[in-house]
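Below is one structure; the comments refer to it alone.
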Amino acid sequence: MKFNNKLSKWNTINIGVPQGSVLGPFLFLIYINGLPSVIPCTLLNDNSSIFLFANDTSVIISDPCFMNFERNLNIVFKTMKKWFNSNLLSLNFDKTYYMHFVTKNKSLHKINIEHENKMIIQTNFVKFWV
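Residues 3 to 132 in the numbering used here are what the sequence shown lists, from first letter to last.
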């Protein structure tokens, strides 16, 4: 690339895409689009899905049975962690939360999701950036 009559030097990139590149966001989207395919179909029923937007990933899991819900949530979370690690990506656990919705007739149970002996925090509010 030429800027102010000076040519920049070529450099080898082993992994990732240079920050600020024009193709960076597009290449990242192509890269991350494989994530939903690793989640077992049996865990993603008609009411469950994964949403990818830029570098944010959201998972919605729906199951009327609390025990199945918690089990499926932990399986999906562990599967995603494994996929991130094997694709040289990291999950920012300081920005990882879960939100639990129940009907009026059901009580809210404590869900245990942990990573490396650290519990994933429950929240009542999540903001999606657009």
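Beta carbons: idealized from backbone N, C-alpha and C, even for Gly. Here the structure is a predicted model, which means the values were calculated and not measured.
Within the same chain, and ignoring the five residues on either side of F79 in sequence, the residues whose Cβ sits closer than 7 Å to its Cβ are I115. Nearest neighbour of K112 by Cα position, chosen from N13, F68, F28, turns out to be F68. Secondary structure in the segment 49–122: the alpha helix (DSSP H) runs of 4 residues or longer, each lying completely within the stretch, are 68–88 in chain order.
Here the segment 49–59 makes contact with the segment 25–40; the two share three or more CB pairs at distances below 8 Å. Counting the other CB atoms within 10 Å of its CB gives L90 a total below 16, which places it among the exposed residues. Between D65 and N74 the beta-carbon gap is near 6 Å, inside 8 Å, which marks them as a contact.
If you compare the alpha carbons of Y33, K11, N7, K106 with that of S88, the shortest gap goes to Y33.
When beta bridges are read from the DSSP output, L9 appears opposite K4. Apart from the 5 residues on each side of it in sequence, K120 sits with its Cβ closer than 8 Å to the Cβ of F95 in its chain, given in chain order. Going by DSSP, G22 is part of no alpha helix (DSSP H) at all; its letter is neither H nor E.
Per DSSP, the continuous alpha helix (DSSP H) segment holding I32 begins and ends at 26–34. Spanning the alpha carbons of M82 and L93 requires a straight line of approximately 9 Å.
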